[in-house]
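J.:
Residue numbers (the working numbering): 45 to 282.
(1) Taking the alpha carbon of residue 174 as the reference point, which residue from 163, 167, 195 has its own alpha carbon closest?
(2) Check whether the stretch 207-214 touches the stretch 150-165, taking contact to mean three or more Cβ pairs, one atom from each stretch, closer than 8 angstroms.
(3) Among 234, 266, 258, 198, whose alpha-carbon lies nearest the alpha-carbon of residue 53?
(4) Leaving out five residues before and five after residue 192 in sequence, what residues of the same chain have Cβ atoms less than 8 angstroms from its Cβ?
(5) Which one or two residues does DSSP pair with residue 256 in a beta bridge?
(6) Does the separation of the CB atoms of residue 226 and residue 187 fall below 8 angstroms?
(7) May I have the straight-line CA-CA distance separating residue 66 from residue 202, to the nearest angstrom?
(8) Grab the span of the alpha helix (DSSP H) containing residue 177 for me, first residue to last.
(9) Classify residue 290 as helix, strand or coil using the three-state DSSP reduction.
(10) Can you give me the start and stop residues for the alpha helix (DSSP H) that residue 186 sits inside?
(11) Count the other CB atoms, across all protein chains shown, that sit within 10 Å of the CB of residue 75; report buried if there are 16 or more and exposed otherwise.
(12) In the DSSP assignment, the beta strand (DSSP E) including residue 264 goes from what residue to what residue?
(13) CA-CA distance, residue 219 and residue 238?
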């Protein structure tokens, strides 16, 4: 059975550079598929190119000054301004792409959610199948049991402080909740990070960790036990 366009677009969202046989056959099936794939690839490559441009030394000092603000006083707005400044000089990934550039997990969470939070939530209107979810999680020698998989509307590969991980959105009764699985990063279990527009809850797992993020006023701690028991991991080699 040939892949429909909605499914093709969903897979492009997960991995714009997907070149498996089924995706190749689909993109060759019509100009519409080919155009969508070409546009997704072009965006991904231009983004990666921007993320690998070195920034001026003075700019790095300015960014460091922003990220060194006390944890409880950090706000999304300065990070957003910093991101805009970086993009303006063609150095978007100095903090984002290169690993070990964040001075804390908090700085990583703030950058990541500002950069990709809204974009991922936009893709989460439809429910993903458990098979599709675990096919992606298998890249990190992990899986999501049905209790968690049943809530996931979208999941994609994302950068983490120590390699790659998975950024997922849970469709809950109180609204979308973002969860970032970090296979090689340890955190302070139960630590709460407060920001101007959102808050986050850190969860250590048997292997790696996760961070639960939602707008202020939306509950997050209640999902910690489920995340801890529902993300099953083995020996991670990403």
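Backbone N, C-alpha and C define an ideal beta-carbon position, used for all residues, glycine too.
T.: In terms of the structure at hand:
(1) 195
(2) yes
(3) 198
(4) 214, 270, 271, 274, 275
(5) 223, 245
(6) no
(7) 23 angstroms
(8) 174-181
(9) Here the chain has residues from 45 to 282 only, and residue 290 is not among them.
(10) Not the alpha helix (DSSP H): residue 186 falls in the beta strand (DSSP E), residues 186-188.
(11) exposed
(12) Where residue 264 is concerned, there is no enclosing beta strand (DSSP E), given that its DSSP letter is neither H nor E.
(13) 19 angstroms
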